[in-house]
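Single-structure report; data block below.
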Amino acid sequence: MKLVRYGNPGKEKPGLIDADGKLRDLSGVIPDIGPAQLGDAALAKLRKLKTTSLPLVKGSPRMGSPVTGVPKFIAIGLNYADHAAESGLPIPAEPVVFMKATSCIQGPNDPVMLPKGSVKTDWEIELGVVIGTRARYVSKKDALNFVAGYCTINDVSEREFQIERGGTWDKGKGCDTFGPLGPWLVTRDEVPNPQKLAMWLDINGKRVQTGNTKTMIFNVAKIVSYVSEFMTLEPGDVITTGTPPGVGLGMKPPVYLKKGDVMTLGIAGLGEQRQVVVPFKK
Numbered sequence: 076m077k078l079v080r081y082g083n084p085g086k087e088k089p090g091l092i093d094a095d096g097k098l099r100d101l102s103g104v105i106p107d108i109g110p111a112q113l114g115d116a117a118l119a120k121l122r123k124l125k126t127t128s129l130p131l132v133k134g135s136p137r138m139g140s141p142v143t144g145v146p147k148f149i150a151i152g153l154n155y156a157d158h159a160a161e162s163g164l165p166i167p168a169e170p171v172v173f174m175k176a177t178s179c180i181q182g183p184n185d186p187v188m189l190p191k192g193s194v195k196t197d198w199e200i201e202l203g204v205v206i207g208t209r210a211r212y213v214s215k216k217d218a219l220n221f222v223a224g225y226c227t228i229n230d231v232s233e234r235e236f237q238i239e240r241g242g243t244w245d246k247g248k249g250c251d252t253f254g255p256l257g258p259w260l261v262t263r264d265e266v267p268n269p270q271k272l273a274m275w276l277d278i279n280g281k282r283v284q285t286g287n288t289k290t291m292i293f294n295v296a297k298i299v300s301y302v303s304e305f306m307t308l309e310p311g312d313v314i315t316t317g318t319p320p321g322v323g324l325g326m327k328p329p330v331y332l333k334k335g336d337v338m339t340l341g342i343a344g345l346g347e348q349r350q351v352v353v354p355f356k357k
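Numbering-wise (our numbering), the sequence shown opens with residue 76 and increments by one.
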């Protein structure tokens, strides 16, 4: 299934994309798409629905984040060897784990706002993993059974805040609008192998990132298992799993986002995003 949340910010309704690519309303079936709707039993009930009987949604409404009530937004850094190289950093021996603020989560096509004083805001196409079942010390073998589904994420990053301002990476990763998710949450039954997904990102129509999840240093199963050793993963938690090369930081000279730039990005089977970069506004 391709699950979505559509409508104005704060007033999104649950929906799904049917086999013909049409948007269907789920608000008569479930109240929203959040932690309570992401377990295997809840998803199995949705799969049994006769989608043609669900109301069609007219027009082209705004898409919100496909999941709400995210308890934790966890990120994995330097998870592609060639991206680590362009960043001038060694390949990590273990996954690099940091956090993005849940307040940065937004819809896939909402504007991305430059933080106040920012001069080094950057882009990162990434595979997002949404947890469906509570996971604690799970094995790599069983890890994917705890996943509800997958989505496209732009891990927007302010490099000066991240690298030059001391402390952890978090301060450059959680600024408002820095977490576009969606457009869809694609349930794991439709993504039998999350390590075979092509991904790309364009800036103003020019391709800057081309990659595939097959080149991850640590695959999704390893990431879920590893993170579950250090924190309990709850339904609705989102893990963004790293980016392939082609970020602005790695260019010579570096290139960063400015007002009016347009980011378009996508992952095979998981949908596309489009964000216009706007200046800081309180």
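Glycine included, each C-beta is placed from N, C-alpha and C at the ideal position.
Ranked by how close their Cα comes to the Cα of K147, the residues A176, P167, R122 and K125 have A176 in first place.
Excluding the 5 residues flanking it on each side, P320 has same chain C-beta neighbours closer than 6 Å at D157, H158 and E161, in chain order. DSSP, read as helix, strand or coil, puts D197 in strand. Under the three-state reduction of DSSP output, C226 falls in the strand class.
Between G280 and R211, the alpha-carbon positions lie close to 42 Å from each other.
Contact annotation, V352 with K333: C-beta distance approximately 7 Å; criterion of less than 8 Å satisfied.
Contact annotation, V194 with E239: C-beta distance approximately 11 Å; criterion of less than 8 Å not satisfied. Pairing V295 with P170, the inter-Cα distance amounts to about 11 Å. Its chain contains P183, N184, T227, N229, P255, G257, P258, M338, T339, L340 and G341 as the residues whose beta carbon lies nearer than 8 Å to that of Q348, once the 5 sequence neighbours on both sides are disregarded; these appear in chain order. In its chain, beyond the 5 residues on either side, S162, D197 and R234 have a beta carbon closer than 7 Å to the beta carbon of L324. The C-beta distance from N154 to T316 rounds to 6 Å, short enough to meet the 8 Å contact threshold. Counting along the chain, F305 sits inside the alpha helix (DSSP H) bounded by residues V295 to F305.
Straight-line measurement puts the Cα of G241 at about 23 Å from the Cα of M326.
L276 and I314 have their C-alpha atoms roughly 19 Å apart. Within the same chain, W244, K246, G247 and K248 come within 8 Å of Q237 by CB-CB distance, once the 5 residues on both sides are set aside.
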